[in-house]
Amino acid sequence: MSTSGNTATPAALARLGDSLGQLYGVERAEALVRELAPAAEGARARLKPGRAAVDARPAVIAVYPDHVLSGDLAPLAALRRFLLEEVGGVGPALLHVLPPYVSDGDDGFAVVDHQAVHPRLGGWEDLERLSEVGGGLMLDLVMNHVSTSHPAFRDVLRGEGRPGDFHLFSEPRDIEWGTRVRTSSILQRFGTGTRAVWAWCTYGRAQVDLNHGSPDVFRSMAETLLRLVEAGARVVRLDAIPHVWKRVPGGPHQPEAKLLVRALRAVADLVDPSVRLLAETDHRTGERCYLGEALAQHDNHLAVPLLVFAAALAGEGGPLVDWVNASAADPHGRDGYAFLQTHDGVHLRPMDPPLDASTLRRVLERMERAGVRVSHADVGGEPRPYELNSSLHRIFSTEAGLDVERYLAAHALLFALPATPCLYFPTLFGLPDAVGVEPSNPRAANRHRYTEGALRALVRQPVHARILKSMLGLIRLRDRTPALREDHGCEARMPAPGVLHLARSHGRQPLHVLVNFGAEPVSVPVPPQEWKDLLGGRQGRGDVLLAPSEALWLVEAGSGDLT
């Protein structure tokens, strides 16, 4: 991408001014634009030449900046070395490096300084070099909250700052605020005597919410966005975006949150219009207000994990078939990111579960029998199942150990869905839970950090090496398969109990994805009379005999190269 002659600049400046004017008034908006325009121009001038746009929606691998620990390198540099030497790079996949900022909790999300990489992790240059191991970087803009150790908040507690300039305060009262991952009160008291304040703490007492009604907060977020793009971000994830604007009575998804996304989209356009924004929200009716022209390009398909687990582990594939067909018919359906697990665990959508009550109960009971931790959240004053806090290794394990075939079949299905597939670093290898996790921090079960030597030894074990090889194969094969890489139709059905068939249309090379989650072999008719399997190289004529836990990606034999 050229770093000069950005034709989007006038339109972006106009959109930025319009959005900020609606948020803060014309006078303050004009002042912000005057400050941010030269900052964006400077960031654009510092971009490395040759940045390519992310057009094909490559797969994503999420990783903590200190997932790999070494005695001779900073964690970011150790991660790069491990991925290059042990994994051989991650192909076209984007590497989603979770927050590397200076922070003092919540594994990087309790930010103390948005403008600096934590010294114990490395520096901005180490982050930039990580883009060499794959198709680029995804980075987080942590928007809703900061650590209570943030300098601006400490100033308020010392009586040296004005409440409301940077953080959100309130008089003590009962506030209902939709679904929250924490069961603690949303208002927390800090300080004593005349300096006591009640601060909004959506994500618990250790993190205080920012006041996005303050232009100073937007300036800080915009400057951070510019720094992330400079560091090589091709996609920027807007963390906790539904909660950033507060109105009481009310709840998440206030109209001003959409205006904030629109303004940040304009800031990104000033420096590099090819940068994409991912709104951390669920892709469903009522929550799609962040997608569209001049807004975010992506959001999340939070229904997918439970739907896949219901099909793979409980034999209930009907809900997944319904979801695939509805998503394929949705103009923004393919804009969502789909995953089986994130760094937080597996979200259960307590307000709107994608499964009926009896099916959900059967799936959760099976999980609990396997030792999977189920966390709860406050939903209208009532605790409901909110997350599964265990590794996919445990979720797909039986008394005999990890069911590798079913684990891989579920991922072959994930990569064929009409969405962008995302993997969490431990699932790339099928790594197990951490041991000795305190009940007070269930998410730690899936956030174990590894010494580089121990991790190298672990991923060379046959089962983990096999899983890695399969995952890398899926990443590269999806990128080379036109029916998956481009925007084309998708139709799902169940030709037999326990069997899923996804037909991904493409004029030159349609793809038929078959997965047998049943316990018995099944013969399935497929349209191509002569077919070949892209996953394993198998070829045949007529009906396909599917073994239990087998997944096939079928194209017509002799249909030519993939690309």
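Counting in UniProt numbering, the sequence shown runs without a single skipped number right up to 563 at its last residue.
Each residue gets a CB set at the ideal place from its N, CA and C atoms; glycine is no exception.
Exposure of residue i, with buried meaning 16 or more beta-carbon neighbours within 10 Å
i: residue 14; result: exposed
i: residue 135; result: buried
i: residue 545; result: exposed
i: residue 72; result: exposed
i: residue 45; result: exposed
i: residue 397; result: buried
i: residue 95; result: buried
i: residue 427; result: buried
i: residue 529; result: exposed
i: residue 48; result: exposed
i: residue 550; result: buried
i: residue 42; result: exposed
i: residue 17; result: buried
i: residue 470; result: buried
i: residue 441; result: exposed
i: residue 11; result: exposed
i: residue 5; result: Note that residue 5 scores 47 on pLDDT, short of 50, meaning its location in the model is unreliable and no value can be drawn from it.
i: residue 352; result: exposed
Option nearest residue i by Cα separation, candidates the options
i: residue 385; options: 370, 345 and 37; result: 345
i: residue 320; options: 331, 54, 307 and 151; result: 307
i: residue 324; options: 305, 314, 342 and 464; result: 305
i: residue 54; options: 68, 38, 206 and 232; result: 232
i: residue 156; options: 196, 133 and 184; result: 196
i: residue 376; options: 369, 364 and 370; result: 364
i: residue 461; options: 429, 434, 422 and 149; result: 429
i: residue 538; options: 555, 142 and 92; result: 555
i: residue 84; options: 191, 551, 118 and 132; result: 132
i: residue 523; options: 542, 536 and 513; result: 542
i: residue 348; options: 334, 367, 331 and 88; result: 367
i: residue 350; options: 387, 86 and 332; result: 387
i: residue 357; options: 150, 496, 316 and 104; result: 316
i: residue 88; options: 468, 66 and 117; result: 468
i: residue 355; options: 208, 370 and 318; result: 318
i: residue 186; options: 206, 192, 194 and 259; result: 206
i: residue 201; options: 147, 117 and 229; result: 147
i: residue 101; options: 40, 519, 129 and 64; result: 64
i: residue 247; options: 121, 551 and 257; result: 257
i: residue 389; options: 98, 400 and 370; result: 370
i: residue 508; options: 492, 488, 525 and 500; result: 488
i: residue 123; options: 92, 77 and 142; result: 77
i: residue 254; options: 268, 97, 213 and 265; result: 213
i: residue 260; options: 514, 23, 525 and 532; result: 23
i: residue 406; options: 149, 310 and 266; result: 310
Cβ distance (whole Å) where residue i is taken to contact residue j below 8 Å
i: residue 419; j: residue 337; result: 7 Å
i: residue 458; j: residue 484; result: Actually they do not touch by this definition, with Cβ atoms about 30 Å apart.
i: residue 534; j: residue 481; result: 7 Å
i: residue 218; j: residue 452; result: The Cβ separation is near 40 Å, so there is no contact.
i: residue 198; j: residue 153; result: About 13 Å; that fails the 8 Å criterion.
i: residue 299; j: residue 278; result: 7 Å
i: residue 434; j: residue 445; result: 6 Å
i: residue 165; j: residue 216; result: 6 Å
i: residue 36; j: residue 139; result: Contact doesn't hold; Cβ gap of about 19 Å is too wide.
i: residue 241; j: residue 281; result: 6 Å
i: residue 395; j: residue 374; result: Not a contact, Cβ separation roughly 11 Å.
i: residue 450; j: residue 62; result: Their Cβ separation, rounded to whole angstroms, is 15 Å, which puts residue 450 and residue 62 out of contact at 8 Å.
i: residue 540; j: residue 516; result: Not really, about 15 Å apart at Cβ, beyond 8 Å.
i: residue 210; j: residue 167; result: 6 Å
Bounding residues of the alpha helix (DSSP H) (the contiguous stretch that carries residue i)
i: residue 323; result: 318-329
i: residue 475; result: 462-480
i: residue 290; result: Careful: residue 290 lies outside any alpha helix (DSSP H) and carries neither H nor E.
i: residue 255; result: 255-271
i: residue 10; result: 9-24
i: residue 391; result: From DSSP, residue 391 is part of no alpha helix (DSSP H); its letter is neither H nor E.
Residue i: first and last residue of the uninterrupted beta strand (DSSP E) it sits in
i: residue 383; result: 382-388
i: residue 339; result: 336-339
i: residue 500; result: 499-504
i: residue 551; result: 551-556
i: residue 190; result: 187-190
i: residue 280; result: 276-282
i: residue 539; result: 539-541
i: residue 493; result: 490-496
i: residue 233; result: 233-239
i: residue 96; result: 94-97
i: residue 423; result: 420-424
i: residue 407; result: Not the beta strand (DSSP E): residue 407 falls in the alpha helix (DSSP H), residues 404-414.
Residue i CB to nearest heavy atom of the ligand NAD below 6 Å
i: residue 246; result: Inclusion of the ligand NAD in the displayed structure is not the case, the ligand content being empty and no account of it being possible.
Scan the stretch 30-86 and note each continuous beta strand (DSSP E) run of 3 residues or more that stays entirely inside, going in chain order.
Runs found: 60-63.
Could you give the uninterrupted runs of the alpha helix (DSSP H) lying entirely in the stretch 106-185, keeping only those of 4 residues or more?
Listed in chain order, the complete alpha helix (DSSP H) runs (minimum 4 residues) inside the stretch 106-185 are 124-130 and 151-157.
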